[in-house]
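Undergrad: Mind looking over this structure? Questions follow.
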Amino acid sequence: MHASSAPVQTIRIDLGDRSYPILIGSGLLSDAQSWAGLPRAATAVVVSNVTVAPLYMGIVCKALGAHYGRVLEVVLPDGEAHKDWHSLNTVFDHLLDQACDRRTVLFALGGGVIGDLTGFAAACYMRGVPFVQVPTTLLAQVDSSVGGKTAINHPLGKNMIGAFYQPQRVLCDLDVLATLPDREYSAGLAEVIKYGPIADEAFLSWIESSLDALLARDVVALTHAVRRSCEIKAWVVGQDERESGLRAILNFGHTFGHAIEAGLGYGEWLHGEAVGCGMVMAAELSHRLGLMPSSFVPRLRSLIERAGLPVTAPDLGVDRYLELMRVDKKAEDGAIRFVVIEALGRAGMRAADDDLVSEVIQAHVG
Ligand code: NAD
Ligand code: GLY
């Protein structure tokens, strides 16, 4: 039995011999059951950062102590700026210094930064050791911990050095979201909202009617939001693990969003904030391409605004937006390709000419 009275929800990511479960519930971190059945090893290494470790490292190490002879901690500095070679090497230094062998299991305890970096460290160390995602932000629970994209940043580009490498398990303990700052929580809501237009019209309506409960971090609403988001992500990743097609729909709003993040300088707007505003712009583009009625734009804009996210894009200049979007990973031969909504609950990819994209940008900058 899990410690919590609410039943633990389990979703399976179906990827043949790389399949794994996502566990969602309250009280998971302290429950020995959450950690049972993982690969056997002498050593567990928990990677976290200076913000999350004081909150949750103790509870995780205590629970892991029931399963592993040795539990080591690596605590990195906090922030996107530290998702780099230096932090990655810090992890490798600890692993080698402590003579960790190829059976060692890594645990990523933190948000998307720690999850992406630890996953990449696991993919590389001794050509691959098992790892477990323990996401502690809403964004990481509904998106980054699921699906096996791991990476660090390069000074010339975000997430440019990485690997597809699936975890053994994802443990989403909803209780940890209680300590998440409001701004980070809203950024996570952007990724929750994303799943409605791209894959599930009913989920979009549910988010609209449940937003107050979600903002109050009501555990019942949160359980549904995290569960449905992970189900949709599992469905997409199960069909297109390495993003040869369908998986790109998860980037709805991200082409405009990346331009905002890069144009302002990373860290000025949070990723989820830029994605939220980017989704409004992508909704506008979907309308101007004749795919969606004009009413879709204010509907999505209003939801994103209610979630506490910015909906007016920064005025970087149209040319700068176009320049930044041309280096997006989805661009092909210089043509910018966008995830668009074709019908509520269904997304696709379209190239759009510069004039049309310029009109969209002009309609949404403040
Ligand atoms: P983050 O990891 O920087 O976490 C945000 C902040 O919240 C940090 O300061 C962190 O220390 C703090 N924090 C984390 N959990 C907390 C808690 N429970 N209580 C209090 N504070 C807490 O940011 P993020 O939004 O989780 O992730 C963003 C990263 O995820 C980016 O690097 C992005 O590239 C990556 N990402 C990856 C994927 C993927 O598929 N792999 C998808 C989306 C985003
Ligand atoms: N966050 C986008 C993806 O996992 O593909």
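Here the sequence shown stands for residues 1 to 366, numbered as in my numbering. Beta carbons are placed, not taken as given, at the ideal position from N, Cα and C, and that holds for glycine.
Could you give the first and the last residue of the continuous alpha helix (DSSP H) run that contains S145?
TA: Taken as a continuous stretch (DSSP letters only), S145 belongs to no alpha helix (DSSP H), as it is neither H nor E.
Undergrad: So what's I336 in DSSP terms, helix, strand or just coil?
TA: Coil.
Undergrad: Quick one: grab the DSSP three-state call for P293.
TA: Residue state, collapsed to three classes: coil.
Undergrad: Is it the case that the Cβ atoms of A187 and L270 are separated by a distance below 8 Å?
TA: Result yes, Cβ atoms of A187 and L270 sit closer than 8 Å.
Undergrad: Let me know the beta strand (DSSP E) ranges lying completely inside the segment 34-63, each 3 residues or longer, listed in chain order.
TA: 43-49, all fully within the segment 34-63.
Undergrad: I'd like the list of long-range same chain contacts for R18, defined as Cβ closer than 7 Å, with 5 residues on each side in sequence excluded.
TA: Cβ neighbours of R18 beyond the five flanking positions: Q166.
Undergrad: Just the C-alpha distance for I304 and C277, rounded to the nearest angstrom, thanks.
TA: Between I304 and C277, the C-alpha separation is close to 8 Å.
Undergrad: Quick check on the DSSP output: what are the complete alpha helix (DSSP H) runs of length 4 or more inside the segment 79-125, in order along the chain?
TA: Here the runs fully enclosed are 85-97 and 112-124.
Undergrad: What do you reckon, is the C-beta of N251 under 7 Å from a heavy atom of the ligand NAD?
TA: For the ligand NAD, not one heavy atom lies less than 7 Å from the Cβ of N251.
Undergrad: Hey, would you say the C-beta of D143 is under 7 Å away from at least one heavy atom of the ligand GLY?
TA: Because some heavy atom of the ligand GLY lies under 7 Å away, the Cβ of D143 counts as near it: yes.
Undergrad: Is the closest heavy atom of the ligand GLY to the C-beta of R247 under 7 Å?
TA: The answer is yes for R247.
Undergrad: Do you know how far the Cα of A343 is from the Cα of R306?
TA: Those two C-alpha atoms are separated by around 23 Å.
Undergrad: Over what stretch of residues does the beta strand (DSSP E) that includes Q239 continue unbroken?
TA: Counting along the chain, Q239 falls outside any beta strand (DSSP E), though it belongs to the alpha helix (DSSP H) covering V219 to Q239.
Undergrad: Are the Cβ atoms of F120 and L88 separated by less than 8 Å?
TA: Against a cut-off of 8 Å, the Cβ pair of L88 and F120 comes out as a contact.
Undergrad: If you follow the beta strand (DSSP E) that F164 is part of, which residue opens it and which one closes it?
TA: Counting along the chain, the beta strand (DSSP E) containing F164 begins and ends at G157 to F164.
Undergrad: Kindly indicate the opening and closing residues of the alpha helix (DSSP H) around A362.
TA: One detail in the question is off: residue 362 reads as Gln in this sequence, not Ala. D354 to H364 is the span of the alpha helix (DSSP H), which, as asked, contains Q362.
Undergrad: Just the Cα atoms here: how many angstroms apart are V45 and L28?
TA: Straight-line Cα distance between these residues: approximately 18 Å.
Undergrad: According to the neighbour-count rule (16 or more other Cβ atoms, all chains shown, within 10 Å of its Cβ), is P181 buried or exposed?
TA: Exposed.
Undergrad: If you follow the alpha helix (DSSP H) that V318 is in, where does it begin and where does it stop?
TA: V318 -> alpha helix (DSSP H) spans V318 to R326.
Undergrad: When the Cα atoms are used, what is the spatial distance from V360 to A282?
TA: Going from the Cα of V360 to the Cα of A282 covers about 8 Å.
Undergrad: Can you name, in chain order, every residue of its own chain whose Cβ lies under 8 Å from the Cβ of M368, other than the five neighbours on each side?
TA: Since the first and last residues shown for the chain are 1 and 366, residue 368 lies out of range.
Undergrad: Please check the pair P21 and R169, which I expect to be a contact at CB under 8 Å, by giving their CB distance rounded to whole angstroms.
TA: Going by Cβ atoms, the distance from P21 to R169 rounds to 6 Å, so yes, they are a contact pair.
Undergrad: Would M1 be called buried (16 or more neighbouring beta carbons within 10 Å of its own) or exposed?
TA: Its pLDDT being 38, under 50, M1 is placed unreliably in this model, and the value from its coordinates should be taken loosely. Exposed, since its Cβ has fewer than 16 Cβ neighbours within 10 Å.
Undergrad: Classify E268: buried if its beta carbon has 16 or more other beta carbons within 10 angstroms, exposed otherwise.
TA: By the neighbour-count rule (16 or more Cβ atoms within 10 Å), E268 is not buried but exposed.
Undergrad: Can you say whether T312 is buried or exposed, counting buried as having 16 or more other CB atoms within 10 angstroms of its CB?
TA: Exposed.
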